[in-house]
Every structure is written in C-alpha cells, then in structure tokens.
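Enquirer:
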Amino acid sequence: MDSAILALEDGTVFEGRSFGAPAERSGEVVFNTAITGYQEIFTDPSYTGQIVILTNPQIGNYGTSAADNESRRPYIEGLAVREFSGITSNWRSDEEARTFLANANIPVVSDLDTRSLVRDLRSRGVMRGVLSVIEKDAQKLVEKARSIPSMTGLDLASRVTTRESYNWTKSVESCSPSELLAPAVEPRFNVVAYDFGIKQNILRRLVHSGCKVTVVPALTSAEDVLALKPDGVFLSNGPGDPEPLHTQIDNVRRLIGKAPIFGICLGHQILGLALGGSTYKLKFGHRGANHPVINKVTQRVEITSHNHGFAVDPDSLDANDIDITHVNLNDQTLEGFRHRREPVFCVQYHPEAAPGPHDSHYLFDDFTRLMADHA
Numbered sequence: 000m001d002s003a004i005l006a007l008e009d010g011t012v013f014e015g016r017s018f019g020a021p022a023e024r025s026g027e028v029v030f031n032t033a034i035t036g037y038q039e040i041f042t043d044p045s046y047t048g049q050i051v052i053l054t055n056p057q058i059g060n061y062g063t064s065a066a067d068n069e070s071r072r073p074y075i076e077g078l079a080v081r082e083f084s085g086i087t088s089n090w091r092s093d094e095e096a097r098t099f100l101a102n103a104n105i106p107v108v109s110d111l112d113t114r115s116l117v118r119d120l121r122s123r124g125v126m127r128g129v130l131s132v133i134e135k136d137a138q139k140l141v142e143k144a145r146s147i148p149s150m151t152g153l154d155l156a157s158r159v160t161t162r163e164s165y166n167w168t169k170s171v172e173s174c175s176p177s178e179l180l181a182p183a184v185e186p187r188f189n190v191v192a193y194d195f196g197i198k199q200n201i202l203r204r205l206v207h208s209g210c211k212v213t214v215v216p217a218l219t220s221a222e223d224v225l226a227l228k229p230d231g232v233f234l235s236n237g238p239g240d241p242e243p244l245h246t247q248i249d250n251v252r253r254l255i256g257k258a259p260i261f262g263i264c265l266g267h268q269i270l271g272l273a274l275g276g277s278t279y280k281l282k283f284g285h286r287g288a289n290h291p292v293i294n295k296v297t298q299r300v301e302i303t304s305h306n307h308g309f310a311v312d313p314d315s316l317d318a319n320d321i322d323i324t325h326v327n328l329n330d331q332t333l334e335g336f337r338h339r340r341e342p343v344f345c346v347q348y349h350p351e352a353a354p355g356p357h358d359s360h361y362l363f364d365d366f367t368r369l370m371a372d373h374a
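At position 37 of the sequence shown the residue is numbered 36 (numbering that gives the first Met the number 0), and the sequence of numbers has no breaks.
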C-alpha cells in the first residue's frame with residue numbers, strides 16, 4: 000500500500016496507509032463520533048470543504064449501497080480512520096467503500112492514531128489541513144494547510160445547491176424486511192424546499208409525512224417561491240458559514256409571515272440571522288449521532304444526529320419574538336426555537352437522522368400540523 004500524509008496548520012503531521020484515490024485534497028479537518036452511517040456522512044453536502052475523521056475504529060466493513068446515498072456523490076474532501084476494512088460483509092452492499100471513494104477522487108488515510116488526532120482538535124479547535132498521497136514532504140503540506148481559506152466567511156451553500164428546480168416524490172423505504180414503517184401519509188401539502196445542501200432522507204421524510212415537494216436552488220427569490228403557492232417552506236442543511244449568505248437571509252426574511260417555515264441546521268442558522276440574530280463558530284463543532292438535546296416544551300431528552308460547525312447565539316434573539324425550544328445538554332448551545340406569533344420553527348440538528356436515532360422524526364409531523372393550522 001502507498002503511504003498518505005495528513006498535515007495540519009499547527010505543524011502536526013500524521014502518516015498512514017492510503018486506501019482511497021491517489022490524490023491530494025485540502026480543507027477544514029473535523030471529526031464525527033457516529034458508530035455507523037459512514038456512507039451517509041460521505042455523501043452529505045454539508046461536509047463540503049472538510050476532511051473528516053471518523054472515531055469509530057473500523058470503517059468500510061459493510062461496504063456501500065446506492066440506496067443509502069444522501070446525494071448524487073461524496074462531498075467530503077478526504078477521510079482519516081484508524082482502520083479501513085479490507086473485507087466487506089453486507090447483503091445490501093453493491094460496492095466496496097474504498098472503491099466508492101476512489102471513484103470520486105477522494106483520498107483516504109488509514110492506520111492513524113485517531114484518538115490522539117481528535118484530542119488535538121478538541122483542545123485546540125478544528126484546523127485547516129491537507130491530506131496527500133502525492134506529496135511526501137510533510138513541511139510542504141503544512142505550509143499548504145496554512146494557505147487555504149478558513150471556513151469562516153465561506154459561502155459553500157451556493158456551490159452545492161441544485162442548478163434547476165425539481166419535484167421529489169420518493170418516500171422512506173425499509174432497509175430490510177424486518178424493518179416496520181408506518182404507512183406514508185397521502186400527499187396533501189405543497190412544500191417548497193430550499194436546497195442549501197439538502198440530504199435525500201430529508202426529502203423522503205417530508206414525502207412520508209404527506210408533502211408534495213418542490214426543491215429550488217439556494218438563491219431562488221422569495222417572490223418565485225410564493226408564486227409556487229406553497230403551504231409551507233422548508234430550509235435545508237448545508238455547508239459553510241451562514242453569515243455570508245446575504246441573499247438567502249433576505250429571501251427568508253421576506254417569507255416570514257407569508258407561509259409556515261421549518262428549518263434545520265444551516266436553515267436554522269439562516270432563520271436566526273433573518274430574525275435579527277447572530278451566529279458564531281464553534282470550537283470543534285457538533286458531528287455525531289448521540290448528542291443529547293432537551294425539548295424544553297415537553298421536557299423530554301432526545302438523542303440526536305448532528306453535523307454543524309456554527310451556532311446561533313441565543314442572546315442575540317429578541318425574547319419578545321422568540322421562544323427557545325431545544326438546548327444541547329453537552330454544552331448548552333441553542334438547538335431550536337420558534338416564533339411567538341408567526342408559524343416559524345427550526346432545529347439545529349438533523350431530525351431525518353441518516354445516520355442516527357429516530358427520536359426527532361416527530362418534527363416533520365409538527366410541520367404538517369403547522370401547515371394544516373394555517374391552511
């Protein structure tokens with residue numbers, strides 16, 4: 000096997016075995032603590048511009064399946080793992096994970112001390128890095144890492160969004176004969192979904208809840224959205240810093256009060272900014288499938304799936320307009336809010352949970368009830 004090097008901007012260098020494409024890629028180095036769901040992570044557009052470390056010790060052992068893709072291709076810049084399995088064992092798999100990534104020109108470095116690497120990022124914060132199978136001079140890679148743009152200030156949502164509007168009709172499907180799903184609700188609500196980097200399982204969940212979904216590009220004007228006569232507007236997840244998204248923020252501001260709105264992840268942050276709030280960058284972000292979030296309305300704790308590096312400052316929101324509905328129990332960051340008078344609500348985490356637990360699926364039903372109440 001060829002060797003691969005991961006170099007960070009602070010001068011830290013890790014060397015391991017190459018399992019992906021013979022390539023060199025750069026980006027913000029982040030970590031995800033989920034035990035399963037690596038393919039969904041690979042294909043989540045929210046990881047644009049990021050090299051991902053997976054803390055689960057073995058990756059690739061169940062291969063990949065086309066049915067599990069969250070978008071048309073992988074979006075991660077590179078992958079770092081402790082062990083990349085040379086064996087694929089899964090009746091649903093149609094391709095090895097290493098081949099899946101290699102075909103997308105994504106480098107993989109294995110045999111790293113990922114525990115040491117993650118502890119470094121937790122103590123110092125996420126950093127820029129370069130993962131290379133080509134360059135063997137570690138110092139040159141460190142200098143490259145120091146020269147790449149910071150994630151702060153980057154508009155990546157406009158890069159990954161769909162170029163044309165389209166209709167989505169597929170609902171949730173069972174992964175195996177033993178998985179029991181509630182029947183899909185008859186389509187009733189016309190929903191326009193902004194694609195800031197949307198995941199396909201979000202669209203499946205909307206359809207399963209009774210929505211007819213039209214997906215539109217990130218820069219679609221508020222007027223064009225309203226011309227589609229939506230019963231509700233959905234604001235998706237996506238990559239990058241929310242603050243540079245001035246056009247998207249202005250469009251959402253003009254939609255408030257015109258139709259019920261449900262936002263998640265980047266959509267949550269855009270709503271916060273549209274309502275006069277501010278956002279800030281987290282030290283190392285939230286990426287995993289086991290984050291405890293308390294629903295302050297029900298006082299129930301949900302185990303939730305996360306992927307974000309920015310957060311809304313709750314103190315920047317007007318308490319006369321906004322109710323805080325969800326709070327992260329690990330670090331007390333804002334995880335959800337709703338407007339006191341307008342039909343608007345959002346959460347920071349991923350209720351579609353791909354990968355992750357299903358504690359938050361109820362939010363899609365909350366959205367359809369909100370649309371029914373304002374029909």
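Backbone N, C-alpha and C define an ideal beta-carbon position, used for all residues, glycine too.
Classify Ser177: buried if its beta carbon has 16 or more other beta carbons within 10 angstroms, exposed otherwise.
Expert: It counts as exposed.
Enquirer: Between the C-alpha atoms of Phe13 and Ala33, what's the straight-line distance to the nearest angstrom?
Expert: Phe13 and Ala33: Cα-Cα distance of roughly 22 Å.
Enquirer: When DSSP builds the beta bridges, which residues end up paired with Phe261?
Expert: Bridge partners of Phe261: Phe233 and Phe344.
Enquirer: Suppose you measure from the CA of Leu265 to the CA of Val28; what does that come to, to the nearest Å?
Expert: One C-alpha to the other measures close to 19 Å.
Enquirer: Pull up the DSSP beta-bridge partners for Arg337, would you.
Expert: Asp322 and Phe344, per the DSSP bridge assignment.
Enquirer: According to the Cβ coordinates, are Met377 and Glu8 closer than 7 Å?
Expert: This structure cannot settle anything about residue 377, because the visible part of the chain is limited to 0 through 374.
Enquirer: For Met126, which residues does DSSP report across the bridge?
Expert: Answer is Val28, bridged to Met126.
Enquirer: Less than 7 Å between the C-beta atoms of Gln57 and Glu82, yes or no?
Expert: Contact flag set, yes.
Enquirer: Look up Val191 in the DSSP assignment and give the residues it is bridged to.
Expert: Answer by DSSP bridge pairing, in chain order: Thr213 and Val232.
Enquirer: If distances are taken between C-alpha atoms only, which option among His305, Met370 and Thr87 comes closest to Gly335?
Expert: For Gly335, the nearest C-alpha among the options comes from His305.
Enquirer: For Arg114, which option in Gly62, Thr54 and Tyr61 has the closest C-alpha, if you only look at C-alpha atoms?
Expert: Looking at the Cα atoms, Thr54 is the closest of the given residues.
Enquirer: Is it buried or exposed, Leu180, if we count other Cβ atoms within 10 angstroms and call 16 or more buried?
Expert: Exposed, since its Cβ has fewer than 16 Cβ neighbours within 10 Å.
Enquirer: Below 8 Å, can you find three or more Cβ-Cβ pairs linking the stretch 244 to 256 to the stretch 201 to 221?
Expert: The answer is yes - the stretch 201 to 221 touches the stretch 244 to 256, with three or more Cβ pairs under 8 Å.
Enquirer: Helix or strand or just coil, what does DSSP make of Leu53?
Expert: In the structure shown, Leu53 sits in a strand (DSSP, three-state: E or B).
Enquirer: So, do the stretch 276 to 287 and the stretch 360 to 367 have three or more beta carbon pairs nearer to each other than 8 Å?
Expert: No, because fewer than three Cβ pairs between the stretch 276 to 287 and the stretch 360 to 367 fall closer than 8 Å, the two stretches do not touch.
Enquirer: Apart from the five residues on each side of it in sequence, which residues of its chain come closer than 6 Å, Cβ to Cβ, to Ala20?
Expert: Cβ neighbours of Ala20 beyond the five flanking positions: Ala101, Asn104, Ile105 and Pro106.
Enquirer: Are three or more beta carbon pairs between the stretch 260 to 275 and the stretch 347 to 354 nearer than 8 Å?
Expert: Because the criterion of three Cβ pairs below 8 Å is met, the stretch 260 to 275 and the stretch 347 to 354 touch.
Enquirer: Would you report the Cα separation of Ala353 and Gly36, rounded to the nearest angstrom?
Expert: Cα-Cα distance, rounded: 7 Å.
Enquirer: Provide the residue(s) that pair with Glu82 in DSSP beta bridges, ordered along the chain.
Expert: Its beta-bridge partners are Gln57.
Enquirer: Return the CA-CA distance between Pro148 and Tyr74, expressed in angstroms with no decimal places.
Expert: When rounded, the distance between both Cα atoms is 18 Å.
Enquirer: How would you write the range of the beta strand (DSSP E) that Arg368 sits in, first residue to last?
Expert: From DSSP, Arg368 is part of no beta strand (DSSP E) but of the alpha helix (DSSP H) over Tyr361 to Asp372.
Enquirer: Pop quiz: Val375 and Ile52 are said to be a contact at Cβ under 8 Å. What is the actual Cβ separation, rounded to whole angstroms?
Expert: Given that the chain is displayed from residue 0 to residue 374, the structure contains no residue 375 and the question cannot be resolved.
Enquirer: Between which two residues does the alpha helix (DSSP H) holding Glu222 run?
Expert: Its alpha helix (DSSP H) spans residues Ala221 to Ala226.
Enquirer: Among Ile321, Arg121 and Ala96, which has the Cα closest to the Cα of Gly275?
Expert: Here the closest residue by C-alpha is Ile321.
Enquirer: Kindly identify the DSSP beta-bridge partner or partners of Tyr165.
Expert: In DSSP, Tyr165 forms a bridge with Val214.
Enquirer: Assuming Pro243 and Asn189 are in contact, meaning their beta carbons sit under 8 Å apart, how far apart are those beta carbons, in whole angstroms?
Expert: Contact doesn't hold; Cβ gap of about 30 Å is too wide.
Enquirer: Below 8 Å on the Cβ atoms is my contact criterion, and I expect Val343 with Ile260 to pass it. Report the Cβ-Cβ distance as a whole number of Å.
Expert: Indeed, because the Cβ distance is near 5 Å, the residues count as touching under 8 Å.
Enquirer: Report yes if the CB atom of Glu69 is closer than 7 Å to the CB atom of Thr42, and no otherwise.
Expert: A contact, by the Cβ cut-off of 7 Å.
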